[in-house]
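Notes follow once the structure below has been shown.
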Amino acid sequence: FPFRRCLALALGLLLGVGPSTCRDASGWRPNILLLMADDLGIGDLGCYGNRTLRTPNIDRLADHGVRLMQHIAAASVCTPSRAAFLTGRYPIRSGMVSSNALRVLQWTAASGGLPADEITFAKILRDQGYATGLIGKWHLGLNCASPSDHCHHPQAHGFDSFLGMPFTMMGDCAQAELSEKRVALERALGLWVQVSAVAVLTLAARKLARPAGSWVPVLGAALAAAALLAAARSVGRLIVLADCFLMRNHSIAQQPMDLEAASPLFLQEAASFLHRNKQGPFLLFVSFLHVHVPLVTTKDFLGRSRHGLYGDNVEEMDWMVGQILDMVDKEGLAERTLVYFTSDHGGSLESQLGSHQYGGWNGIYRGGKGMGGWEGGIRVPGILRWPGVLPAGRVIQEPTSLMDVFPTLVRLGGGQVPQDRVIDGRDLWPLLLGAAPHSEHEFLLHYCERFLHAARWHQRDRATVWKVHFATPIFQPEGAGACYGRGVCPCFGEQVRQHDPPLLFDLSRDPSETRVLTPETEPRFHEVVGRVQQAVQEHQRTLSPAPQQLDTLQNLWRPWLQPCCGPFPLCWCPEGSAQ
């Protein structure tokens, strides 16, 4: 296979990692297919140790590619994690973090979002001649000042085409599990209804005691109370219209969206994109709505797994991965396409409906979604396949990050990593090929909102990965391993325990973080903690102020920013133009 060896040499010389086994030297830049699950636990996949859920397609992808065993998300919830993935930067650098417990964008009609001056790998690859497309979830904002300025839209961040949800899935979309947002709104409106009712009764009593005068104040208060009561009873329906809709490029395709039709529609869109752009090069990012609540699953997969609706949803997502990989094969693209699969963060432990678990399993790792420091919230699958280029079956234990995808793709696509800003990701390519023995990351920092909860130190000369926790959530109930009764564990306040001295773990020997090391049990305790604290200080000196995109004002619902397929508030086009 001479042209395989040709490209191997071209790649090796160009990337400075020596020859490998590659493809056609006439066009070394690969097509790129990115597959990201939502809320998937690392322990939900067979290739990461699950023995009861069936994920044959993702497992086969791992068998034919490289599997990253210590692949770390930059945040344990979706909005900041996805911002870091696209930009290669800790989300604190772009302002995609909060300090008010509003850890993700709360409304499509909020004004926060990924800032226009952030550079995504999609922007760079598009400038290098790639056709770029996004299918599925966005959740990085939409508008700034008007319902159609689309300043945060995917097409403002480098994607030529978009079909998907500008927001995110949530229980309200299926009128199933209530979101925290809906519960809080209903509680607040209920309180105002009570206040208004008291006001009506008080005004009416005064009027009856003093017949002279007008009934207008009483009627006004009564109308206000009635309006608040109507709003309280309509919150669920209003949220569905406000947030659970599909867009195709800059137009609303369905409002509200047909949940059960979304998966077939996304597969159809993927097939169309691959066929249109099979001459390449292309970047296709398929951002699954699976496996986030409300776990919308087609009837063909209901009841198939041994783990209820969540397991059914995981197995359907795996089937969708298989369908997309089959499309790649059908178009003859497999040997020219780099495929990457991951999750945006760990599985949700608190997602329950009654006695049923609606969230994922994080395997041997402690904690889950929302926990900024514990491994279960941030350790995710990382699988890369490029037949004939990447060694099949390779397993890498080195610390890597979702942020590493940015410099890796930029370099493979022929672009240049920006020099006018700090890029926290590191090029994975030498490590993937086996040309480098270690990850370029010596330290990785683990934020919860703006608060640094933990950091890891890869001490290469000792082949050890140390983990230092500065703060950890207090589980509810104590010792439960999660914060049951709330959406996710908090990042600050009375339910977070600060540690001085910090907790120390040796992840190399204790990946489950069950054995806390002390000065008595670890002679190098003070040396390790001191070195990590020094690295934290060095990192903090590189931070610059950035407008906060998730603060309270930026995260409020703004009626004038609400996308609507008809005159507001008549946002109803269930048929739409999704096809």
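Residue numbers (the working numbering): 12 to 590. Idealized CB from N, CA, C, for every residue including glycine.
Sixteen is the threshold: when 16 or more other Cβ atoms of the shown chains lie within 10 Å of the Cβ of His161, as they do, the residue is buried. A Cβ-Cβ distance of about 5 Å is found for the pair Leu395 and Val77, placing them in contact under the 8 Å criterion. For Arg71, the uninterrupted alpha helix (DSSP H) segment begins and ends at 67-74. Sequence-distant partners of Gly54 (beyond 5 residues in either direction) whose C-beta falls short of 8 Å from its own C-beta, in its chain, are Gly60, Asn61, Gly358, Gly371, Trp372, Asn373, Gly374, Ile375, Tyr376.
The continuous alpha helix (DSSP H) containing Ser283 extends over residues 270-287.
Note that the segment 157-172 touches the segment 570-590; at least 3 beta-carbon pairs, one per stretch, sit closer than 8 Å. In this structure, Ala185 lies away from Leu313, with their beta-carbon atoms at least 8 Å apart.
Residue pairing by DSSP puts Phe454 in a beta bridge opposite Trp468. Beta-bridge annotation (DSSP): Lys478 is paired with Arg467, Phe516.
Note on geometry: alpha-carbon atoms of Val479 and Ala446 lie some 30 Å from one another.
Within the same chain, and ignoring the five residues on either side of Ala557 in sequence, the residues whose Cβ sits closer than 7 Å to its Cβ are Arg104, Ser105, Gly106. The residue among Val416, Arg221, Arg40, Asn324 with its C-alpha nearest the C-alpha of Tyr141 is Arg40. Sequence-distant partners of Leu45 (beyond 5 residues in either direction) whose C-beta falls short of 6 Å from its own C-beta, in its chain, are Phe296, Tyr351. Take the alpha-carbon of Leu151 and the one of Asp171: they are about 16 Å apart. DSSP places Glu489 in the coil class of the three-state scheme, outside both helix and strand. Of the candidates Tyr495, Ala482, Met258, Ala482 places its Cα closest to the Cα of His510.
A buried status is given to Gln81, since no fewer than 16 other beta-carbon atoms sit within 10 Å of its beta-carbon. Tyr321 is classed as buried because its beta carbon has at least 16 other beta carbons within 10 Å across all chains shown.
Cα atoms of Asp472 and Gly384: separation of roughly 24 Å, rounded to the nearest angstrom. By the C-beta density criterion, Thr563 is exposed, having fewer than 16 other C-beta atoms within 10 angstroms. DSSP, reduced to helix, strand and coil, places Ile250 within a helical segment of the structure shown. Here the alpha carbons of Asp329 and Thr66 stand approximately 5 Å from one another.
Distance from the CA of Val307 to the CA of Val391, rounded to the nearest whole angstrom, comes to 22 Å. Taking C-beta separations shorter than 6 Å and ignoring five residues to either side along the sequence, the partners of Leu97 in its chain run Thr131, following chain order.
Here Phe178 is buried, its C-beta having at least 16 other C-beta atoms within 10 Å.
By the 16-neighbour rule on beta-carbons within 10 angstroms, Glu586 is exposed. Contact between Thr63 and His318 holds: CB atoms are separated by about 7 Å, below the 8 Å threshold. Three or more Cβ pairs closer than 8 Å define a contact, and the segment 505-521 falls short of that threshold against the segment 395-407.
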